[in-house]
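Novice: If you read the protein sequences in the order shown, they are chains A and B. In case it helps, the numbering used here puts the first sequence at residues 120 to 282. In case it helps, the numbering used here puts the second sequence at residues 70 to 465. Before anything else, here's the structure in question.
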Amino acid sequence: MKLRAKLGYTGAGLTVFAALLTPFLLYGLFSDGFAALGLHVDEMYSGGPKIRTIDKGAYSITVHRAVYPHMLQTEKPFVQLDWSPVSALPAHVSDLVDVDGDGQPDLRVSFEVPKDPKAPLRVDVEPLTPRFEAMRNAGKERFSRLIVRVDNSVLVRVPLASQ
Amino acid sequence: MATKACLPRIVHTPPRGIGRSILLTLPILLWSLLMFSHPQGAAVADRLSLIAGAITGVFMTVLFFMMMRTGTTYRWRRYFFVSVGLLFPVGFIHNIVAMRGTMGIPVEEMIAGRTPFCFMPIPLLILPAAFTRTLVFPGSIVPSGGASGHGIAAMVGIWLALTLVMGKGWCSYACFFGGIEEGVAALPRRAKIRKIDPRWRYGPWAVLLAMVLLSLALFEPAYCMWLCPFKAVSEYVAARNTVGLIQNGIFVLLFAVLVIALPLLTKKRTQCAFFCPFGAFQSIFNKASVFEVKIDQARCKPCVLCQTACPNLSLTSESVAHGEALLSCMKCGACVDACPRQAIVWHIKGTEMAAKPERARLMFLYAAWAMAVMFGGSIIAQGLVTILHFLPLGGI
Numbered sequence: 120m121k122l123r124a125k126l127g128y129t130g131a132g133l134t135v136f137a138a139l140l141t142p143f144l145l146y147g148l149f150s151d152g153f154a155a156l157g158l159h160v161d162e163m164y165s166g167g168p169k170i171r172t173i174d175k176g177a178y179s180i181t182v183h184r185a186v187y188p189h190m191l192q193t194e195k196p197f198v199q200l201d202w203s204p205v206s207a208l209p210a211h212v213s214d215l216v217d218v219d220g221d222g223q224p225d226l227r228v229s230f231e232v233p234k235d236p237k238a239p240l241r242v243d244v245e246p247l248t249p250r251f252e253a254m255r256n257a258g259k260e261r262f263s264r265l266i267v268r269v270d271n272s273v274l275v276r277v278p279l280a281s282q
Numbered sequence: 070m071a072t073k074a075c076l077p078r079i080v081h082t083p084p085r086g087i088g089r090s091i092l093l094t095l096p097i098l099l100w101s102l103l104m105f106s107h108p109q110g111a112a113v114a115d116r117l118s119l120i121a122g123a124i125t126g127v128f129m130t131v132l133f134f135m136m137m138r139t140g141t142t143y144r145w146r147r148y149f150f151v152s153v154g155l156l157f158p159v160g161f162i163h164n165i166v167a168m169r170g171t172m173g174i175p176v177e178e179m180i181a182g183r184t185p186f187c188f189m190p191i192p193l194l195i196l197p198a199a200f201t202r203t204l205v206f207p208g209s210i211v212p213s214g215g216a217s218g219h220g221i222a223a224m225v226g227i228w229l230a231l232t233l234v235m236g237k238g239w240c241s242y243a244c245f246f247g248g249i250e251e252g253v254a255a256l257p258r259r260a261k262i263r264k265i266d267p268r269w270r271y272g273p274w275a276v277l278l279a280m281v282l283l284s285l286a287l288f289e290p291a292y293c294m295w296l297c298p299f300k301a302v303s304e305y306v307a308a309r310n311t312v313g314l315i316q317n318g319i320f321v322l323l324f325a326v327l328v329i330a331l332p333l334l335t336k337k338r339t340q341c342a343f344f345c346p347f348g349a350f351q352s353i354f355n356k357a358s359v360f361e362v363k364i365d366q367a368r369c370k371p372c373v374l375c376q377t378a379c380p381n382l383s384l385t386s387e388s389v390a391h392g393e394a395l396l397s398c399m400k401c402g403a404c405v406d407a408c409p410r411q412a413i414v415w416h417i418k419g420t421e422m423a424a425k426p427e428r429a430r431l432m433f434l435y436a437a438w439a440m441a442v443m444f445g446g447s448i449i450a451q452g453l454v455t456i457l458h459f460l461p462l463g464g465i
């Protein structure tokens with residue numbers, strides 16, 4: 120038998136062996152390897168890393184780092200703010216939020232918290248600095264401009280004003 | 070009449086003996102037992118899983134036995150593949166509707182990283198990930214509850230393992246969408262459209278190139294957002310506005326044309342042959358696979374039966390003259406079974422053409438069927454669990 124044929128049969132045998140190893144070893148190995156690559160989901164979806172938490176007594180506001188769109192992405196830059204836990208929020212929330220941590224409020228955010236978790240949310244955002252855009256009775260318009268309830272938090276994404 | 074008179078005499082291999090076929094099937098029986106035996110049997114759901122697993126195990130074993138007994142592949146593989154195609158939406162849609170109450174993906178779920186990840190966007194993720202270490206998909210790398218399933222890493226892991234084993238065989242033994250159009254293509258007795266311009270086979274490459282570049286530019290899984298016909302039977306973009314309505318209209322239109330109408334008219338897997346960017350991407354891995362389909366030109370009398378049988382336009386007169394299928398060959402076995410002179414054979418790279426093609430077929434089928442039982446079998450079992458869940462089974 121020629122060397123090429125031997126290599127061919129060896130390859131075929133290894134392929135069958137790899138098939139048998141897949142559920143016990145290869146699948147886990149490849150999945151773990153991929154997870155270890157250090158990739159992350161686009162912040163346009165995930166909202167960017169948390170940078171600060173503002174304590175409001177019964178509840179808190181988490182401020183995320185500003186997210187900027189890539190290349191031709193059709194969203195605006197935005198900042199995500201999380202109010203949690205939902206169970207501790209009053210029926211009407213109206214908070215002054217210091218986004219950049221300079222001691223001065225940057226936004227006034229107001230929304231109702233309906234008892235029905237599936238009820239649609241609406242938010243008003245009044246910018247106190249020119250860095251942010253105003254939002255009036257906004258719902259789930261764009262990834263960069265919305266209010267949604269996710270698990271035990273209410274998330275508000277406020278678009279940054281064009282410079 | 071004239072065409073029939075020109076057809077060569079069909080020389081079929083005599084069927085294997087039952088005893089030998091059973092012996093050859095034994096490894097698959099043991100593998101099925103291993104894959105579908107769930108030890109926990111206390112809860113109702115687990116008992117249903119056990120029943121569904123048993124049915125699936127028997128089904129997969131019987132199909133493999135028939136492959137061994139008859140020496141043919143395509144017909145039996147098709148039963149499996151169509152079952153996967155039909156039962157995947159059943160299990161999947163039931164799961165997501167039970168979890169979130171709708172087939173539409175709500176923004177909340179996308180933000181929470183709970184969009185189920187299928188294999189289709191894998192080629193679209195590569196360039197954005199390479200340039201920015203970012204995955205342009207609203208899912209999560211590891212499971213994050215809800216409908217996120219096992220996460221992106223798990224799907225990439227299973228895809229890598231199966232691709233290592235089967236190459237483009239993924240499209241015939243693992244893809245949980247292709248079975249729908251294969252089933253539809255099997256319905257008519259004859260094709261209404263028989264002459265297809267071979268240039269259509271470049272379609273998937275064109276879609277792949279366009280979608281990869283668009284995904285990089287727009288930083289979104291462009292194919293999933295705009296062109297995937299199978300959104301019509303899995304989950305779709307929640308139609309919150311006009312854009313969402315347009316997207317869903319495109320999904321339904323493409324499904325109706327590429328997965329229903331054209332397969333009925335051509336008896337081909339037209340979505341795979343003309344459109345699927347993942348299929349084009351997967352073709353690249355055919356080069357790495359040791360298994361291939363070869364044409365023995367000493368035996369071949371150009372009767373074009375193989376070209377007619379190929380569901381993916383992977384055989385042309387030029388490729389037959391060249392002695393091999395095109396890069397897009399899905400290793401479904403249709404041409405091998407259709408050839409009346411046994412001129413088309415399963416082949417292991419590096420070996421002689423005449424060197425025991427049945428050995429090559431067996432080695433490929435053991436590898437591919439083991440994967441089919443593990444991956445496709447689990448999809449069949451999941452679909453059966455859903456159906457059993459709705460049947461009045463009394464005590465069970």
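Glycine included, every Cβ here is placed at the ideal spot set by N, Cα and C.
1) Report all residues from its chain with a CB closer than 7 Å to the CB of residue 204(A); omit the five preceding and five following residues, and keep chain order.
2) Against residue 210(B), what residues of chain A qualify as contacts under a CB-to-CB distance less than 8 Å, listed in chain order?
3) Just mark residue 439(B) as buried or exposed, buried being the case when its beta carbon has 16 or more other beta carbons within 10 Å.
4) At a CB-CB cut-off below 7 Å, which residues of chain B make contact with residue 204(A)?
5) Report the option in 235(B), 180(B) and 89(B) whose CA atom is closest to the CA atom of residue 267(A).
6) Which value, in whole angstroms, describes the spacing of the CA atoms of residue 169(B) and residue 216(B)?
7) Check for me: the beta strand (DSSP E) holding residue 147(B) runs from which residue to which?
8) Counting only runs of 4+ residues fully inside the segment 345 to 416 of chain B, write out the alpha helix (DSSP H) ranges in chain order.
9) Check whether chain B comes within 8 Å of residue 286(A), counting only Cβ atoms and requiring the distance to be less than that.
10) Which chain A residues sit within Cβ distance under 9 Å of residue 226(B)?
11) Mind checking if residue 201(B) is an interface residue toward chain A, Cβ cutoff 8 Å exclusive?
12) Residue 302(B) and residue 249(B) look like a contact to me (Cβ under 8 Å); what is the Cβ gap, rounded to whole Å?
13) Measuring alpha carbon to alpha carbon, tell me which of 400(B), 397(B), 365(B) and 409(B) ends up nearest residue 389(B).
14) Tell me the residue span of the alpha helix (DSSP H) that contains residue 151(A).
15) Pull up the distance between the alpha-carbon of residue 132(A) and that of residue 200(B), whole angstroms please.
16) Is residue 435(B) close to chain A, meaning its C-beta is less than 8 Å from at least one C-beta of that chain?
17) Determine which residues of the segment 409 to 421 of chain B have a Cβ less than 8 Å from any Cβ of chain A, and write them out in chain order.
18) For residue 270(A), which residues in chain B fall below 8 Å Cβ to Cβ?
19) Go through its chain and collect everything with a Cβ distance to residue 125(B)'s Cβ below 7 Å, but skip five positions before and after it.
20) What whole-angstrom Cβ distance do residue 247(B) and residue 343(B) have, given they're in contact under 8 Å?
21) Measure the Cβ-Cβ separation of residue 185(A) and residue 196(A) and say whether it is below 8 Å.
22) Scan the segment 224 to 256 of chain B and note each continuous alpha helix (DSSP H) run of 4 residues or more that stays entirely inside, going in chain order.
23) Less than 8 Å between the C-beta atoms of residue 251(A) and residue 215(A), yes or no?
24) Fully enclosed by the segment 416 to 455 of chain B, which alpha helix (DSSP H) runs are 4 residues long or longer?
25) Considering only their Cβ atoms, is the gap separating residue 183(B) from residue 48(B) smaller than 8 Å?
26) Which value, in whole angstroms, describes the spacing of the CA atoms of residue 232(A) and residue 100(B)?
27) What is the DSSP secondary structure of residue 180(A), reduced to helix, strand or coil?
28) Who are the neighbours of residue 267(A) on chain B, taking C-beta pairs under 7 Å?
29) What does the alpha-carbon distance come out to for the pair residue 138(A) and residue 361(B)?
30) Should residue 266(B) be labelled buried (16 or more other beta-carbon atoms within 10 Å of its own) or exposed?
31) Which class does residue 132(A) belong to by DSSP, given the choice of helix, strand or coil?
32) Report the rounded CA-to-CA distance for residue 274(A) versus residue 430(B), giving the unit in angstroms.
33) Counting only beta-carbon separations shorter than 8 Å, does residue 456(B) have a partner in chain A?
34) Measure the CB-CB distance between residue 375(B) and residue 404(B) and report whether it falls below 8 Å.
35) 8 Å is my cut-off, CB to CB: does residue 189(A) come that close to chain B?
36) Can you tell me the Cα-Cα spacing of residue 239(A) and residue 212(A), whole angstroms?
Specialist: Working from what's here:
1) For the purposes of this step, residue 204(A) is taken as the residue at position 85 of the first sequence. Excluding the 5 residues flanking it on each side, residue 204(A) has same chain C-beta neighbours closer than 7 Å at 178 and 271, in chain order.
2) Within the second sequence, residue 210(B) is the residue found at index 141, counting from 1. Within chain A, the residues near residue 210(B) are 153, 154, 158, 159 and 160.
3) In the second sequence, the residue the question calls residue 439(B) occupies position 370. Counting other Cβ atoms within 10 Å of its Cβ, residue 439(B) reaches 16 or more and is therefore classed as buried.
4) Position 85 of the first sequence holds residue 204(A). Neighbours of residue 204(A) on chain B: none; closest Cβ ~15 Å, over 7 Å.
5) In the first sequence, counting from the first residue as 1, residue 267(A) sits at position 148. Residue 180(B) is the option with its Cα nearest to residue 267(A).
6) Within the second sequence, numbered from 1, the residue matching residue 169(B) stands at position 100. Within the second sequence, numbered from 1, the residue matching residue 216(B) stands at position 147. Approximately 8 Å, taken between the alpha carbons.
7) Indexing the second sequence from 1 puts residue 147(B) at position 78. It is not in any beta strand (DSSP E) - residue 147(B) instead sits in the alpha helix (DSSP H) that spans 143 to 169.
8) 346 to 352, 374 to 378, 386 to 391 and 403 to 407
9) This structure leaves residue 286(A) out entirely; chain A is present only between 120 and 282.
10) For the purposes of this step, residue 226(B) is taken as the residue at position 157 of the second sequence. 145, 146, 147, 148, 149, 150, 151, 152, 153 and 154, listed in chain order.
11) Here the question's residue 201(B) lines up with position 132 in the second sequence. Closer than 8 Å: yes.
12) Position 233 of the second sequence holds residue 302(B). Position 180 of the second sequence holds residue 249(B). Contact flag correct, Cβ pair sits at about 7 Å.
13) Position 320 of the second sequence, counted from the first residue, corresponds to residue 389(B). For the residues 400(B), 397(B), 365(B) and 409(B), the minimum Cα distance to residue 389(B) belongs to 365(B).
14) Position 32 of the first sequence holds residue 151(A). Element bounds for residue 151(A): 146 to 154.
15) In the first sequence, residue 132(A) corresponds to position 13, counting from 1. In the second sequence, residue 200(B) corresponds to position 131, counting from 1. Rounded to whole angstroms, residue 132(A) to residue 200(B) spans 37 Å at the Cα level.
16) For the purposes of this step, residue 435(B) is taken as the residue at position 366 of the second sequence. Yes, residue 435(B) lies at the interface with chain A (some Cβ there is under 8 Å from its Cβ).
17) 417, 418, 419, 420 and 421
18) Counting from 1 along the first sequence, the entry for residue 270(A) is found at position 151. The contacting residues are 181.
19) Sequence index remark: in the second sequence, residue 125(B) carries index 56 (1-based). The residues are 105, 446, 449, 450 and 453.
20) As a working note, residue 247(B) is residue 178 in the second sequence. As a working note, residue 343(B) is residue 274 in the second sequence. That belief does not hold up - the Cβ atoms of residue 247(B) and residue 343(B) are roughly 13 Å apart, past 8 Å.
21) Taking the first residue of the first sequence as position 1, residue 185(A) is located at position 66. Taking the first residue of the first sequence as position 1, residue 196(A) is located at position 77. It is a contact, given that the beta carbons lie within the stated cut-off.
22) Correct list: 239 to 242 and 247 to 254.
23) What you label residue 251(A) is simply residue 132 of the first sequence in a count that begins at 1. What you label residue 215(A) is simply residue 96 of the first sequence in a count that begins at 1. No, Cβ-Cβ distance for residue 251(A) and residue 215(A) is not below 8 Å.
24) 426 to 440
25) This structure gives no information on residue 48(B), because the portion of chain B shown stretches from 70 to 465.
26) Here residue 232(A) refers to the residue found at position 113 when the first sequence is read from its first residue. Here residue 100(B) refers to the residue found at position 31 when the second sequence is read from its first residue. Distance between residue 232(A) and residue 100(B), taken at the CA atoms: about 54 Å.
27) Residue numbering aside, residue 180(A) sits at position 61 when the first sequence is read from its first letter. It is a strand residue.
28) Taking the first sequence and counting its residues from 1, the one referred to as residue 267(A) is at position 148. Residues of chain B passing the Cβ test: 176, 177 and 180.
29) In the first sequence, counting from the first residue as 1, residue 138(A) sits at position 19. In the second sequence, counting from the first residue as 1, residue 361(B) sits at position 292. So the alpha carbons of these two residues sit roughly 17 Å apart.
30) Within the second sequence, residue 266(B) is the residue found at index 197, counting from 1. Burial call: exposed.
31) As a position in the first sequence, residue 132(A) is number 13, starting the count at 1. Here residue 132(A) sits in helix by DSSP.
32) In the first sequence, the residue the question calls residue 274(A) occupies position 155. In the second sequence, the residue the question calls residue 430(B) occupies position 361. Each residue's alpha carbon lies about 56 Å from the other.
33) Start at 1 with the first residue of the second sequence, and residue 456(B) comes out as number 387. Output row for residue 456(B): interface = no.
34) For the purposes of this step, residue 375(B) is identified with residue 306 of the second sequence, where counting begins at 1. For the purposes of this step, residue 404(B) is identified with residue 335 of the second sequence, where counting begins at 1. Taking 8 Å as the cut-off, the beta carbon of residue 375(B) is found closer than this to the beta carbon of residue 404(B).
35) In the first sequence, residue 189(A) corresponds to position 70, counting from 1. Chain B, which has a Cβ nearer than 8 Å to the Cβ of residue 189(A), makes this yes.
36) Here residue 239(A) is taken as the residue at index 120 of the first sequence, counted from 1. Here residue 212(A) is taken as the residue at index 93 of the first sequence, counted from 1. Rounded to the nearest angstrom, the two C-alpha atoms are 15 Å apart.
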